[in-house]
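Presented below is the structure to which this report refers.
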Amino acid sequence: MMSAIDGFVTGQGRYVDDIKLPGMMRMYVVRSPYARARILKIEGGLNGHEVRGSMSSVGEGATEGSMELQEPVLSTSTVNYVGQPVAAVFGDNLYEAEDRAETVEVEYEPLKPVISIKEALESEPIHRSAKTNIMSDTWLGKDFEIDAPVVLEDRFVNRRVATNPIETRGIVADYSGDKLTVWISTQSVHSIKEGLCEAMGLQPQKVRVIQTDTGGAFGLKGALYPEYVIAAFAAMKFRKPVKWIETRREHLSASHPGRGAEGRMKLFADRQGKILGLKGEVIVDGGAYSGGMGEFAPGFIGYQLTGPYAIQNAHVRAMSVFTNKPPHGPYRGAGRPEAAFFIERMMDMLADELGIDAAELRLKNATTESFRSPLGMKIDASHDFIAKSIEELEYRKLSREKKAGFACFVLVPATQPGESARIVVKEGKIKVWLGGNTHGQRHDIFVKKLLNEELGVPEDKVELERGDTDMLEAGVGAWGSRSAMMAGTALIMAARKIKDQTEKEFGKYSPELLLANEYDEYHFEKFRESLNSFGANLATVSIDQYGNVNVDECRSYYDVGNALSRESVIGQITGGCLQGIGQALYEEVAYNEDGQLLTSSISDAGVQSALTLPRFVIRIAENRSRLPHGAKGLGESPTIGVPSAVARAIELASGRRIRETPVRPEMIV
Amino acid sequence: MDEVNVRIDVNGVNREEKIEPRTLLVHFLRENLGLTGTHIGCDTSNCGACTVLLDGKAVKSCTVLAVQANGRKVLTIEGLGKGGLHPIQKAFLEKQALQCGYCTPGMIMSAYWLLSENPSPDEEQVKRGISGNLCRCTGYRSIIEAIMLASKEMSAGRTHGRDGR
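Respectively, the protein sequence lines represent chains A and B.
Residue numbering for the first sequence follows our numbering, beginning at 1 and increasing consecutively.
Residue numbering for the second sequence follows our numbering, beginning at 1001 and increasing consecutively.
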């Protein structure tokens, strides 16, 4: 039998755009050309006069939010970013649908948009129902006064980055008159179902969401988007299947980008380099609407600002603001890289200020016992890991030969609230469903391995099924470096239940007995704690006379716990490192002062080709976690550590202080 | 819109269809013929997910009109390795040169073209050969290794008188 992965090399993958149903219509979305405008009139197509309601916040970083500040499915009054959907038109094929865009008439009265964080803080609110442009505002930690001999202050920026999976978003919706079935490219069928039910007022038993092969996601595909609701609405209205596939341009202008955060940091230290306190202000560019990561991200960044260091005093203000840009969303790392960049940049500044080696300074501030920061983050003893990473990454040797940027971080995986798994044994085969849906991470590899270990069954008897809300009663999703840990644990627990049943029934257990009988076991493993781990990166760069940076080497040393598959670990790290370099050097979705998108293609957005590869060096530590299979998080580690390491390497090579990503050539020549 | 007739040899089979003249080759392959292994990733001919061979040369089928392929030969991922996996496909599996799989068919078609032009490329030549194909998952390392491996396997195959295809 051909496995799913074999199908990917022969063109037999089944992605959402590959679905063809009888009578299926294509949907084309008419979008706002203005960053901010009043809608004076809208006629034609399926528009907001008919499709009412607003988004519901589901998926990664979901928040309660205030309903009136959430994105409308289709607005009839105002638009707040270029690319915001205003109507949908349909045709038998894509060409016909797009032709019908002309039948939609919208009259706009353009308004002055708010584009930057600075403007947001100074301008009138973009939403009439709000008093200011502040979306969220919280304080973490406790205020303190210290008379420190060294006080350093600076401001850092990570510009907005598009997630840019090679497969964009897409959905097919079909309505039988009784049940809405949705096929979708997603990280979580359960989030999508919950979101559709909430936004459309549908009963859960009337909605089924099925995952198609998913061509990458990187945070993009966990949330609900207006187009999903419109497609579902249209399928129900027209009683015909409806397909919508996002174009790359739509992705760049209307999908939720990540990063887009500013950090104002103030570090208090003694002359020996011991950090005495940290004050900070984190401001996230939340985009036009609240409900989700835009609200969640600032507090999450703030919480991690002490990094792997035992900083006893910390006080941080964490805010997000409304701007006339698409809503902020998670991008691989989702708040973790921002926190690492802000604190690691300060560590390097402090090292330079005091003339202490940057790695030495980190060791000096590491902890030899577990530590709970004033901001709430718990870490294990970090000292030995940092000392080991200096060795494993050959920092001393490389620093002598060439200037090496070194960065450390804490990975805080999204463990909560746990995850689910279902195992069905029938006809000599084992089928598995997981609450989080694989979108390139190869969950099938750890599923086969863990069931082989737990149940003694050959790996070729085990098949990981695609996400399907009719086949798995509840689940969370695949994001935040959680799947191997949380879905893996749920799978083990379900497997153990089945093993117990076999033993009870037959007085003994064997894989043959198991496969000869039928079982069906679902398990939701609740998990309320955090399970953090450490990582470190090292980078070396060359810079030409025009300021073009080339990363020569990118080295990683991460504690991955028990590595369930060495190949997958290396694959995740290599791909993630290139994304980390991308953020550091190339990636950005940029706007002009009118809020018009300046980034017009995937290459403009900075996604790299094979031409700019560094030499990757990968080392892992395997300190088992307390989970039954000993796994730790990994997926986001490279995007957390690499940008800081590259920034430092550039700083050392150019002599210019690096305060933002991406680092453009004009900043260093 | 008035339709026109095209006749295109796709994977060795003559396909005759009536289409709108504005139909892109990628839509012709996917919608008219149901060959969904050729993917669409960017619409701006940057990503290469839609790469196919037109008369033996790699093209991005999102930037070619189907009428331009009239009377010509197209090879898609479905036409590769008839009766089994092509050595490039095998090498991609062996080296785990894919994660989400979406860029894979285009990547393999570019590799196929590269190896037909230059059977023994060095690493730099492989990088240049696939520089028109974007992958967001792998960091390219495993893809380069897979193409180098396929190149070796295929030249060994040629020495032993087996057809590379």
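Don't be surprised by glycine CBs; every beta carbon is placed ideally from N, CA and C.
Item, Value
"Just the C-alpha distance for F1028(B) and E1153(B), rounded to the nearest angstrom, thanks.", "33 Å"
"In chain A, which residues lie with their C-beta within 7 Å of the C-beta of L1054(B)?", "By Cβ distance, chain A contributes nothing, its closest Cβ being about 17 Å from L1054(B), past 7 Å."
"Going by DSSP in three states, I19(A) sits in which element: helix, strand or coil?", "coil"
"Considering only residues of the same chain and omitting the five flanking positions on each side of H127(A), which have a CB-CB separation below 7 Å?", "L69 and F322"
"Spell out a yes or no on whether the segment 592-601 of chain A and the segment 615-631 of chain A are touching, meaning 3 or more CB-CB pairs, one atom from each, closer than 8 Å.", "no"
"Residues in the segment 1135-1163 of chain B with C-beta within 8 Å of chain A's C-beta atoms, listed in sequence order?", "C1135, R1136, C1137, T1138, G1139, Y1140, R1141, S1142, I1143 and I1144"
"What residues in its chain sit with their C-beta under 7 Å from that of F144(A), if we drop five residues either side in the sequence?", "G277, N313 and H315"
"For D559(A), list the residues DSSP reports as bridge partners.", "A621(A)"
"Compare the C-beta of M1049(B) against all C-beta atoms of chain A and say whether one is closer than 9 Å.", "Contrary to the premise, residue 1049(B) reads as Ala rather than Met in this sequence. So yes, A1049(B) belongs to the interface."
"Quick one: which chain A residues come within Cβ less than 8 Å of F1092(B)?", "V9"
"Using a Cβ-Cβ cutoff of 7 Å, what residues of the segment 163-179 of chain A are near chain B? List them in chain order.", "N164, P165, I166 and E167"
"Can you name, in chain order, every residue of its own chain whose Cβ lies under 7 Å from the Cβ of E353(A), other than the five neighbours on each side?", "V150 and L152"
"Along the segment 1028-1044 of chain B, what residues have a CB closer than 9 Å to any CB found in chain A?", "R1030, E1031, G1034, L1035, T1036, G1037, T1038, H1039, I1040, G1041, C1042, D1043 and T1044"
"Name the residue from A97(A), V642(A), A162(A) and V114(A) whose alpha carbon lies nearest to the alpha carbon of V410(A).", "V642(A)"
"Roughly how many whole angstroms lie between the Cα atoms of R1030(B) and R1015(B)?", "13 Å"
"Within 10 angstroms of the Cβ of A474(A), are there 16 or more other Cβ atoms? Answer buried if so, exposed if not.", "exposed"
"If I'm right that A173(A) touches P241(A) with Cβ under 8 Å, what's the distance once you round it to whole angstroms?", "7 Å"
"Please confirm if the segment 118-132 of chain A is in contact with the segment 213-228 of chain A, defined as three or more CB-CB distances below 8 Å between the two stretches.", "no"
"Examine chain A for any beta-carbon lying closer than 9 Å to the beta-carbon of S1131(B), and answer yes or no.", "yes"
"Under 9 Å between the Cβ atoms of K193(A) and T469(A)?", "yes"
"Considering Cα atoms alone, identify which of P327(A), A536(A) and I430(A) is closest to A62(A).", "P327(A)"
"Tell me the rounded alpha-carbon separation between Y546(A) and P665(A).", "7 Å"
"Beta carbon of R52(A), beta carbon of S77(A): below 9 Å?", "no"
"Go through the segment 239-318 of chain A residue by residue and report every complete run of the beta strand (DSSP E) that reaches 3 residues or more, in order.", "242-245, 258-269 and 275-287"
"Any idea which residues DSSP pairs S320(A) with across the strands?", "S136(A) and V284(A)"
"Using the three-state DSSP reduction, which class does A334(A) fall into: helix, strand or coil?", "coil"
"Any Cβ of chain A within less than 9 Å of the Cβ of V1074(B)?", "no"
"Please list the partners that E1020(B) has in chain A, where partner means a Cβ-to-Cβ separation under 8 Å.", "Y95"
"In three-state DSSP terms, what is Y522(A)?", "strand"
"Quick check on the burial criterion: 16 or more other C-beta atoms within 10 angstroms. Buried or exposed for N133(A)?", "buried"
"Taking K1060(B) and C1050(B) to be in contact with their CB atoms under 8 Å, please state how far apart those CB atoms are, rounded to whole angstroms.", "5 Å"
"Considering only the beta carbon of each residue, do P337(A) and N158(A) sit closer than 9 Å?", "yes"
"How long is the line joining the alpha carbons of L1080(B) and G630(A), rounded to whole angstroms?", "42 Å"
"When burial is assigned at 16 or more other CB atoms within 10 Å of the CB, is G11(A) buried or exposed?", "buried"
"Whose C-beta lies closer than 6 Å to the C-beta of R317(A) among residues of the same chain, with five residues either side of it excluded?", "W139 and E281"
"I'd like to know if E1078(B) contacts chain A, where contact means its C-beta is closer than 9 Å to some C-beta of that chain.", "yes"
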